[in-house]
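J.: Protein chains in written order, with our numbering: chain A, 614 to 774; chain B, 100 to 535; chain C, 8 to 669.
For every residue, glycine included, the Cβ atom is placed at its ideal position computed from N, Cα and C.
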Ligand SMILES: Cc1cc2nc3c(=O)[nH]c(=O)nc-3n(C[C@H](O)[C@H](O)[C@H](O)COP(=O)(O)O)c2cc1C
Ligand code: SF4
Ligand code: FES
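1. State the beta-bridge partners of residue 426 of chain C as determined by DSSP.
2. Among C:209, C:204 and C:211, which has the Cα closest to the Cα of residue 242 of chain C?
3. Quick one: grab the DSSP three-state call for residue 629 of chain C.
4. My output table needs one value for residue 453 of chain C: the three-state DSSP class, helix, strand or coil.
5. Just the C-alpha distance for residue 108 of chain B and residue 360 of chain B, rounded to the nearest angstrom, thanks.
6. Extract the residue ranges of the alpha helix (DSSP H) inside the region 167 to 238 of chain C, only unbroken runs of 4 or more that lie entirely within it.
7. Going by beta-carbon coordinates alone, are residue 113 of chain C and residue 209 of chain C separated by less than 7 Å?
8. Using 8 Å for Cβ pairs, my map puts residue 754 of chain A next to residue 769 of chain A. What's the rounded Cβ distance?
9. Anything in chain A within Cβ reach of residue 440 of chain B, meaning under 9 Å, just list it in chain order.
10. Check whether the Cβ of residue 319 of chain B sits closer than 6 Å to any heavy atom of ligand 1, and report yes or no.
11. Here's the rule I'm using: 16 or more other beta-carbon atoms within 10 Å means buried, otherwise exposed. How should residue 442 of chain B be labelled?
12. What in chain C is Cβ-close to residue 494 of chain B, meaning under 8 Å?
13. Between C:658, C:653 and C:476, which has its C-alpha nearest residue 148 of chain C's C-alpha?
14. Take residue 106 of chain B and list the residues in its own chain whose beta-carbon comes closer than 7 Å to its own, dropping the five residues that flank it on each side.
15. What are the residues of the region 173 to 185 of chain C that lie near chain B, defined by any Cβ-Cβ distance shorter than 8 Å?
16. Is residue 166 of chain B near ligand 1, judged by its Cβ being under 6 Å from some heavy atom?
17. Please compile the residues from chain B whose C-beta is within a distance smaller than 9 Å of the C-beta of residue 755 of chain A.
18. Is any beta-carbon of chain B found at less than 7 Å from that of residue 736 of chain A?
19. Should residue 679 of chain A go down as buried or exposed, given a rule of 16 or more other Cβ atoms within 10 Å for buried?
20. Mind listing the chain A neighbours of residue 287 of chain B? Cutoff is C-beta to C-beta under 7 Å, in chain order.
21. Taking 8 Å as the limit between beta carbons, can you name the residues of its chain near residue 9 of chain C, skipping five residues before and five after?
22. If I follow the unbroken beta strand (DSSP E) through residue 328 of chain B, where does it start and stop?
23. Under the criterion of a Cβ to heavy atom distance below 6 Å, does residue 316 of chain B qualify as lining ligand 1?
24. Name the residues in the region 641 to 661 of chain A whose C-beta lies less than 7 Å from a C-beta of chain C; which are they?
25. Unbroken alpha helix (DSSP H) runs of length 4 or more, entirely within the region 237 to 273 of chain C: which are they?
26. Going by the CB atoms, is the gap between residue 650 of chain A and residue 620 of chain A shorter than 7 Å?
27. Throw me the rounded Cβ distance for the residue 631 of chain C and residue 501 of chain C pair, which I believe falls under 8 Å.
28. Alpha carbon to alpha carbon, how far is residue 656 of chain C from residue 666 of chain C? Give it in angstroms, no decimals.
29. Using the three-state DSSP reduction, which class does residue 668 of chain C fall into: helix, strand or coil?
30. CB-CB under 8 Å to residue 124 of chain B, same chain, minus the five flanking residues each way: which ones, in chain order?
31. Since residue 425 of chain B meets chain A, which of its residues come closer than 8 Å, beta carbon to beta carbon?
32. Identify the contact partners of residue 187 of chain C in chain A, using a Cβ-Cβ distance below 8 Å as the criterion.
33. Mark residue 184 of chain B as exposed unless 16 or more other C-beta atoms lie within 10 angstroms of its C-beta, in which case mark it buried.
34. At the level of alpha carbons, what is the spacing between residue 263 of chain C and residue 563 of chain C?
35. Note down, in chain order, every chain B residue with its Cβ under 8 Å from the Cβ of residue 74 of chain C.
36. Just to confirm my understanding: we take residue 197 of chain B, look at its own chain, exclude 5 residues before and 5 after, and list those with CB closer than 6 Å. What are they?
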């Protein structure tokens, strides 16, 4: 597989970041950045990462199965991750998740038919003092209310058009 | 949105002193505000002097366990022929904790300077910052900051002619609480599943790639420049005996002014809630407090007149943990609270050892069933017993982290569980079974 | 001498070497500490938490499987706390376990069952829905039932550390963690089944054995594997005269519990439908079934007649038959027929080595030496394919003693993965290794069929020049090649010459298939073949005598490193006779008196008479059969399992070996 030049450059740098002979260390970062580029972890990506890091495909599969941010199914272009862990729960995280689910018409770990949105209930995202919080792809939104969530979705939908 | 709060008069701003200055994360601003003074000073010190200063500071690890930092530094065999590594634990994922994020967002160079000083002390020249995957924006920010530090000679070969080389790299996690556990983090850093390692050997002796490794939390490293600049004793004096300095407390939950506040160690919890946090939200009554992240046994309202340091909380059979202070008001349903906590631990158990893997899953199912109104009179004792059967018998501390709050909730709020059961038994009970 | 440490376990004073793990120390004192994930020789996991014990002054229970003994340690394995910990750990384990023991292959020999019986509780408090996933088939011989799996990681480790294959891993996390095969939905590996054998429960089951029997319905017969020359002990599970499985769970024998795919599964040729169960005689150009009496009488008459008129016999012996049979055959030819043209296919230059060593018997290495000697040099063999046990031993030596492995082969081999030096080439490439080897405290050299004749002498001279103790193994192929060489005393025509001769009157082949790749020179010879199947050679016979296989015999065989081991008869195949019995009956019919044809009597006689004088063979006649893990001469052709696994016919030096099982 060949990736966009910036990503290739990142991978080159990444492989050099670890001590000689320890290139296996790049497995997780490489999967994460490649997944961002191609949308999900495909079997070809597993093979490719295995080849580049000098490990077996099984060793990469072991990792993919372990980490929750690595996924083998495509998410929506906007992956909305709503935290419902304690601090968020105490301030309406669950209601927010329910609202998002209703508004988007999808359940946990599902994507809208147009591939625009997907939804996930996530564990504590380190936004406890600004709860309830959610992440849109990698962007944090704090002290979110159902109204603010609607506005966010509206603006994202508008941007897509 | 700016994450740091308006300074509170009770705060003692040591680690957060640059918060609020525009572009506080940039090198120029850092240099204008005492940046790298401590490193320059450390260049003139012997490694043992640095470590002695650390010991004198009474700084205890801010990741959760509260291990004395100076002691940890002294365990790294300086003279080992192997390369020595520094690893920053920026996996911050203990529920209730959101402080490392601020330290990296608003003063990343302070942390890096702390790492560099540690490098001088233990003869290490390579450092990795392991950042949880969800904090990608911080990784990007750190990468930019690191690039600038290289460009201006603050990282790389012979930093500003000192003869001291130091490299820093970021490394992303990919969604796993267990990777905050130090040895699981190391396995993850090495490209493997985040499963903890057998100890001994401890990371100080055989850590990253089997080399001696100093692995420490973001906040711990961020405290280092102040300690070296102003002296360990000055830092120690801010806190209580054996609990030096200030720490970042993350107030969240049912509180008027949630936020991250830097307060001296030993700060009274009630005062923290009422005077720093503005009191319980809506003037309601306090019910309980999680004092240091969800792994810690909860304190009932009447136990909250307590000094927030490692020793006082240990005496109260809880823990200071990671500084995540979660306030629960009288409306909180403790059954639901216990259930949500266990959903988390079951989700995060790595699955390596039996009691944690099976215990968290079993507790989760039982608590969900109980919560959904299908509990039986045996369940309360059963929940307590399952948790106690995990406690102290798992491979790593995650099992304990799941068991401890559960035991404390069931024991301290048993009447609430009983009332909940009585209420649910009036409805028709068709158990909804939970798969997985 | 390592220092001894004194400790106290359950009130017993125990003295054991420093560094020993507590769990082992307890075992020595006769105290059982339950365990699942701990497995002697494999890396420590401390995952199952079954072995928690109370150590005085320790703040909490400690795992005995990773804790080394210490002077003055006081340990309790029988306290109420420990008992509770065990009980609840088993309760946790059973929470998601399907408890389908009545239909589980492992029922009756399951470590989980035994543990629950001994340390568990009678009742379950778990009333939630169990997590379920369907069973999966990973290869013709490996099935995985996730819910039964207790995640002790033994399979993962034995495959990675023991076999050096690493075909198993762990996917998902938490309670839904599972073991997974290397190719996503299936396995590509050695198919050795070690994972199945080492599984304490019925999570991994064998395609060849599953649902066939209950373990207590079998008779367990310890014998020696009949395939390659390594001589692994295999324990046959025999029911109603048929083999249902082979393993070596009691870890007896030179191989411990190691077995390769052939040892574990390729016993199925025994029951193959093409197995000869009646003598055949050529009548009107076709081979027809006849009675034993008719066949034996015909052969005896022919032999007597040819002997009478001073005719010429050419005899090809076997690399598979027992030492007693080989000895009796030689005696038959020499004393009974007055002939001397007897030889067998030579697969390695054992005779050349013994000749070059000129009587230095202590320079012949045993399988044990491969585990204990600090340095190993492999020349011209793909051990993992051709000598799986030797390869396994060397890996264990590397793991446990950090042995230095040197490799000189024409192509890549598994040993490259952990060798200190790997050189591509033949014997000529060893020179540059001399300096490194001189620094080793001791060395074992294993060499394949490319080193023969003069080259063996050069190799021994090289070894002598190192100035360190050096031992050798001349690698040979079949289950009794070494034994066949040892009893051989003939001085007549050699193998190739017998086949090429045009004037043989009788051509007698015992347990070999020379005509597969060689034409018979003597067109008019009377051909007698003792065989299990209608091979190319048997098809050419005038009389075919159906022989029993090594699994159906008693007697002794000698493995590649010269270790003599006893066979024990397991199954019975009606209509066949052992080769020894066939010899005995023919000579009786001829009116000769070559002695009682019972293995024990023959062995006694051999002990008294055999001198171990090996005739050196012409180098050009020495060649390996190049069998891989998945081929086994003629036997391999009749093993359905070997032909069913997709890895067959295997690779040597990373290159495919032609055809299915040869
Ligand atoms: C399950 C588990 C999760 C943990 N998560 C974190 C974490 O997210 N961040 C952290 O700094 N320490 C975490 N720790 C503590 C680390 O193991 C380790 O003690 C700490 O990083 C050491 O740094 P310190 O000495 O600065 O506290 C965790 C421990 C356990 C058992
Ligand atoms: S306690 Fe056991 S299963 Fe849980 S996270 Fe630690 S090692 Fe993994
Ligand atoms: S045998 Fe010790 S934890 Fe499994």
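T.: The structure says:
1. DSSP lists no partner for residue 426 of chain C.
2. C:204
3. strand
4. strand
5. Rounded to whole angstroms, residue 108 of chain B to residue 360 of chain B spans 10 Å at the Cα level.
6. 201 to 205
7. Cβ atoms of residue 113 of chain C and residue 209 of chain C: closer than 7 Å.
8. Contact flag wrong, Cβ pair sits at about 11 Å.
9. Per Cβ cutoff of 9 Å: 698 and 699.
10. Between ligand 1 and residue 319 of chain B, a heavy atom-to-CB distance of less than 6 Å is present.
11. buried
12. 53, 54 and 56
13. C:653
14. 112
15. Here the close residues are 177, 179, 180, 181, 182, 183 and 184.
16. Because some heavy atom of ligand 1 lies under 6 Å away, the Cβ of residue 166 of chain B counts as near it: yes.
17. Close partners of residue 755 of chain A in chain B (Cβ separation under 9 Å): 100 and 102.
18. yes
19. buried
20. 641
21. 24, 25 and 26
22. Looking at the DSSP string, residue 328 of chain B is not in any beta strand (DSSP E); the run it does join, the alpha helix (DSSP H), is 317 to 329.
23. yes
24. Answer in chain order: no residues at all.
25. 268 to 272
26. yes
27. Wrong, their Cβ atoms sit about 17 Å apart, outside the cutoff.
28. Note that residue 666 of chain C scores 48 on pLDDT, short of 50, meaning its location in the model is unreliable; the coordinates nonetheless yield the value given after this. Approximately 7 Å, taken between the alpha carbons.
29. Legend: pLDDT at residue 668 of chain C = 38, less than 50; position of this residue unreliable, value from coordinates given subsequently. Residue 668 of chain C falls in the coil class under three-state DSSP.
30. 204, 205, 206, 207, 208, 240 and 244
31. 699, 700, 703 and 741
32. 671, 674, 675 and 678
33. With a 10 Å radius around the Cβ and a threshold of 16 neighbouring Cβ atoms, residue 184 of chain B comes out buried.
34. 19 Å
35. Those do not exist, as residue 74 of chain C stays about 10 Å from chain B at its closest Cβ, beyond 8 Å.
36. 349
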